[in-house]
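Chemist:
Residue numbers (our numbering), protein chains in the order written: chain C, -11 to 367; chain R, -11 to 367.
1. Chain R partners of residue 246 of chain C, CB-CB under 7 Å?
2. Could you list which residues in chain R have their beta carbon closer than 9 Å to that of residue 150 of chain C, in chain order?
3. Using a Cβ-Cβ cut-off of 8 Å, state whether residue 79 of chain R counts as contacting chain C.
4. Return the chain-ordered list of same chain residues with a C-beta closer than 8 Å to the C-beta of residue 247 of chain C, the five sequence neighbours on each side being excluded.
5. I want to see whether chain A comes within less than 8 Å of residue 256 of chain C, judged by CB atoms only; does it?
6. At the level of alpha carbons, what is the spacing between residue 216 of chain C and residue 355 of chain C?
7. Just reading off the alpha helix (DSSP H) that residue 10 of chain C is part of, what are its end residues?
8. Beta-carbon separation of residue 223 of chain R and residue 347 of chain R under 8 Å?
9. Confirm, please, whether the CB-CB distance from residue 366 of chain R to residue 313 of chain R is below 8 Å.
10. Quick check: residue 251 of chain R and residue 36 of chain R, are their CB atoms within less than 8 Å of each other?
11. So which residues on chain C does residue 251 of chain R lean against when the C-beta distance must stay under 9 Å?
12. What residues in the region 7 to 18 of chain C bring their beta carbon closer than 7 Å to a beta carbon of chain R?
13. Which full runs of the beta strand (DSSP E) of 3+ residues lie inside the region 146 to 202 of chain C, going along the chain?
14. Return the residue from the list C:337, C:332, C:340, C:328 that minimises the CA-CA distance to residue 360 of chain C.
15. Taking the Cβ atom as the reference point for each residue, do residue 150 of chain R and residue 172 of chain R lie within a distance shorter than 8 Å?
16. Provide the residue span of the alpha helix (DSSP H) that contains residue 67 of chain C, from first to last.
17. Along the chain, where does the beta strand (DSSP E) containing residue 418 of chain R start, and where does it finish?
18. Residue 74 of chain C: which of C:61, C:105, C:353, C:89 sits nearest, CA to CA?
19. Does the region 128 to 144 of chain R come close enough to the region 76 to 91 of chain R to have 3 or more Cβ pairs within less than 8 Å?
20. Taking the straight line between their C-alpha atoms, what separation do you get for residue 169 of chain C and residue 237 of chain C?
21. Kindly indicate the opening and closing residues of the alpha helix (DSSP H) around residue 288 of chain C.
22. Give the DSSP bridge partners of residue 342 of chain R, in chain order.
23. Counting only runs that start and end within the region 37 to 86 of chain R, where is the beta strand (DSSP E) found for 3 or more residues in a row?
24. Flag this pair as yes or no: are the beta carbons of residue 138 of chain C and residue 163 of chain C separated by less than 8 Å?
25. Could you compute how far the alpha carbon of residue 320 of chain C sits from the alpha carbon of residue 49 of chain R?
26. Given residue 62 of chain C, which residues of its chain have a CB within under 8 Å of its CB, disregarding the five upstream and five downstream residues?
27. Does any residue of chain C bring its CB to less than 8 Å from the CB of residue 138 of chain R?
28. State the Cα-Cα distance for the pair residue 60 of chain R and residue 140 of chain R, rounded to the nearest angstrom.
29. Quick one, which of R:311, R:26, R:308 has its alpha-carbon nearest residue 257 of chain R's?
30. Could you tell me which residues DSSP pairs with residue 244 of chain R in its beta bridges?
31. DSSP three-state label for residue 114 of chain C, please.
32. Where does residue 142 of chain R fall in DSSP's three states?
33. List, in order along the chain, the chain C residues whose C-beta lies closer than 8 Å to that of residue 105 of chain R?
34. In the structure shown, what three-state DSSP assignment does residue 226 of chain C receive?
35. Any residues in the region 104 to 130 of chain C with a beta carbon nearer than 9 Å to a beta carbon of chain R? Which ones, in chain order?
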């Protein structure tokens, strides 16, 4: 037999490639600097072709599971499942945990969408609606006693409000018989979560894990899985794809209910390992320092100011700034200088800037961005 | 500012890399030979970081849409949506099209699972159950007149049964008031489909498009979308994520309801373009020729024979062979020779071989595999 045709790899392009843009966008965002190396290894190992019921895949799942547990301090009470996105996961959680009542803390577009999903799924959700940019007085908000699932969003990507983990625990302490869920989409692995007090969390990889979109991670304890089994036994429609029971029965042998995004699961494990080798506390320290610099700049800027006023609610990973000038002009200027940042969300599109502060951007890069923002001569 | 840190790319590995294994597995399978080149271009263009509401993404969606239309001869009556997998799509179709009754042609594990999904979603499906390896006498199978959706699987990946497109059209001609869906997972773009006679099809990219898993493609006409809107208006639970209406309202501007696997959508368009530049008829001719050789070998082999007896139902893309010797031994031998093939599915694991015949493997590679199979000295 002839030598089989060679894979055509046009890697010479890389010579011309420089890091022309740094992405401070809220996600998809800057890829973590090891991403491409892991991607290339995945290709060399033929991970795009392997079967998801093979030993190779099981080893990958187990590796990523181990690294995420270490990174996020996830105890053995919780399982780690892979879905396609956080949006899909909203739906899975509501289908599998809620028979009728979910209660939502809504203070922006994404927490609102989570609430809307519950309505669309014919549940009977209720919510406390806070104006954008504000946190919640958790000690004084009463949740109906027949509520099943409390839905919180620790970091509102649309408005840059971050809820202290202690606020979440307070809810669990007040309502120990209700399941508590928190959306960590744009904050994991930055926030510390005590998984003894949170039943269910999730995130997607295109935010602070510095990967392209295409993978969501769901972390649930046994109470959530038992609830799902109970609903199923009662004849409630819990969906057919990626049910908690299907996830769990496959998870016992480190498999997934159907063919997942295998390459992304592999790379997520490798990036989690990279984070672990730096140390999560060091990563958190760096993010905090970059956020502090950015807020310090905004507090004294003539043209920008933090949208979130109360510092305890100011997100360290998604910094939202009010802009006195049309934000499109600022964004366009920064882009020409090699920095891509996000616009405001929804109605705030032209009035605000959203700047992601993830591990993929270095302190030097953040300083550079702040320099550009501070030296820009407004028209 | 210092030059930002360089992306570490360990591409020197490629020098040591040769095509050590050829994947004839039913999917995930061999990557198409242009895959890595397109992946590298995607990385160079920062497609892992771009926003899914940006012009760049809209252009990618439109490009992939155009190339798929050309390749699969999809008329303007049908929309092309992107989900995460065919398994997710089973659920979306049943939620969005079926109020109560779906009718399923079941002749293997995957068509069975599609049927089971309908039960799990609290619909009232019925089916015609054919033994594995057989097709259906479409002219004489009666479907209840109150049925809403006819679900067919053109290519049963578990058993290697391929239904002629004419059989599908016959169903539509007999039941013009019912919506007709066909699962093209392991056959697109090989089969020719007249979209005037098929309302809904879908596939995933890790089969005959030679990509890693992580993207599903759903092709539906307006009748399906209108049905979904009608169910929603009636208060039926059609799901919250990736509803047909959300897909369609975003599709008008080439967007998706939530952040999709952008890199995969880009590469799918590029591979479809590669296929188009070769010409779909040429690609089909090559697959047919490779399948003919493989079946010809099996028909005269002492140890193997085609599982599907009737030649009109023998799949050209998934060839299933009965094996007189333990298939694990054959698979292990072939693997050492650089060819990975699939085992039988489920209870047939040790009795059968499954060999994918997708565009990613060349005629020479298929000849090589046949040579190995025919020269193997059985114990």
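Note that beta-carbon positions come from the ideal geometry of N, C-alpha and C, so glycine has one too.
Modeler: In terms of the structure at hand:
1. Result: 73, 75.
2. What residue 150 of chain C touches in chain R: nothing, since even the nearest Cβ is about 21 Å away.
3. Chain C contact via Cβ: present.
4. So the list reads 40, once near-sequence residues are dropped.
5. No chain A is part of this structure, whose protein chains are labelled C and R.
6. One alpha carbon belongs to residue 216 of chain C, the other to residue 355 of chain C, and they sit about 47 Å apart.
7. From DSSP, residue 10 of chain C is part of no alpha helix (DSSP H) but of the beta strand (DSSP E) over 10 to 12.
8. Not a contact, by the Cβ cut-off of 8 Å.
9. Contact: yes.
10. With respect to the 8 Å criterion, residue 251 of chain R and residue 36 of chain R are classified as neighbours on the basis of their beta carbons.
11. Here the neighbours are 200, 201, 202.
12. Flagged, chain order: 7, 9, 10, 11, 13, 16, 17, 18.
13. If we require 3 residues or more, the beta strand (DSSP E) runs fully inside the region 146 to 202 of chain C come out as 167 to 171, 188 to 192.
14. For the residues C:337, C:332, C:340, C:328, the minimum Cα distance to residue 360 of chain C belongs to C:328.
15. No, Cβ-Cβ distance for residue 150 of chain R and residue 172 of chain R is not below 8 Å.
16. No alpha helix (DSSP H) holds residue 67 of chain C; the beta strand (DSSP E) holding it covers 66 to 71.
17. With chain R running from -11 to 367 in the structure shown, residue 418 of chain R is simply not present.
18. Residue C:105 is the option with its Cα nearest to residue 74 of chain C.
19. Yes: at least three Cβ pairs fall under 8 Å.
20. C-alpha separation (whole angstroms): 22 Å.
21. Where residue 288 of chain C is concerned, the enclosing alpha helix (DSSP H) stretches over 268 to 288.
22. Per DSSP, R:308, R:330.
23. Listed in chain order, they are 66 to 71.
24. In this structure, residue 138 of chain C places its C-beta atom within 8 Å of the C-beta atom of residue 163 of chain C.
25. A direct Cα-to-Cα measurement between residue 320 of chain C and residue 49 of chain R gives close to 24 Å.
26. Around residue 62 of chain C: 56, 68, 183, 207.
27. Closer than 8 Å: no.
28. So the two alpha carbons sit approximately 18 Å from each other.
29. Nearest C-alpha to residue 257 of chain R: R:26.
30. DSSP, once it has assigned bridges, lists no residue as partnering residue 244 of chain R.
31. Looking at residue 114 of chain C - three-state DSSP - the assignment turns out to be strand.
32. In the structure shown, residue 142 of chain R sits in coil (DSSP, three-state: anything other than H, G, I, E or B).
33. Ordered by position in chain C, the residues that pass the 8 Å Cβ test against residue 105 of chain R are 228, 229.
34. Coil, per DSSP.
35. Result list: 104, 105, 106, 107, 108, 109, 110.
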